[in-house]
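Residue numbers (full-length UniProt numbering): 1 to 215.
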């Protein structure tokens, strides 16, 4: 982390008394604190932004710290041998079961689940959603393989939308959306961006069956 937080320029731009900074200020902590405030201010309707006190490289460097933590602690990083994404097994099992129940009922149905980024990230990885399960072993290249703001932004969501094919009521098709955008999964299809649910179900059932039950 230390190599990604270089506060000297920012401190010089904010303070005129270097002795005060030396005695009373933790530069690294203050820089990261301002970054956190600047990031959180996106969530409220404010006309002022703290991003302009940073240079682009500084923003990028600090973001990489957060991206690293999300990737390793919740995502598909090879450092964890799949342990983090495996945490989403119960949720994916529930998605399959709820879909089966809704399809069997023959009625229009909707099932909702509430989650935070720490739930969406492993689920997106386990479901093999496009660009959500890339693996990279070199920490300096994590950002090239995986980006937290693309996988789990504020108000992020994963949707499976089901349809019954006209003339073939048993052939249920499904489209997957990540934050309201169509995404692909590594399952063969003859109707992209749609998939045959039986193929997707078999794919996901194979994934959950390959994982041990959590104690």
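All C-beta atoms in this analysis are idealised placements derived from N, C-alpha and C, irrespective of residue type, glycine included.
Bounding residues of the beta strand (DSSP E) (the contiguous stretch that carries residue 165): 158–165
Residue 54, buried or exposed, once every other Cβ within 10 Å from all chains shown has been counted against 16: buried
Given residue 76 as reference, the closest of 188, 131, 43, 178 once Cα atoms are compared: 131
Boundaries of the beta strand (DSSP E) in which residue 169 is found, first to last residue: 168–178
Beta carbon of residue 207 nearer than 8 Å to that of residue 178: no
Residue of 154, 192, 162, 180 minimising C-alpha distance to residue 40: 154
Supposed close pair residue 125, residue 174 - CB separation, criterion 8 Å: 19 Å between Cβ atoms; not a contact.
C-alpha distance - residue 62 paired with residue 32, whole-angstrom precision: 7 Å
Residue 133 and residue 67 closer than 8 Å at C-beta: no
Minimum C-alpha distance to residue 221 - residue among 88, 43, 30, 74: Because the chain here runs from 1 to 215, residue 221 falls outside it and cannot be looked at.
Inter-stretch contact at 8 Å, needing at least 3 Cβ pairs: the stretch 107–122 / the stretch 17–32: no
Spatial neighbours of residue 102 in its chain, beta-carbon cut-off 6 Å, leaving aside the 5 residues before and after: 109
Where the beta strand (DSSP E) through residue 66 begins and ends: Residue 66 -> not in any beta strand (DSSP E); alpha helix (DSSP H) instead, spanning 56–73.
Host beta strand (DSSP E) of residue 195 (start-end): 194–196
Span of the alpha helix (DSSP H), counted from its first residue to its last, around residue 119: 117–126
Where residue 71 falls, given that 16 or more other Cβ within 10 Å makes a residue buried: buried
Classification of residue 156 by the beta-carbon crowding that lies within 10 angstroms, buried from 16 upward: buried
Identity of the residues DSSP links to residue 181 by a beta bridge: 178
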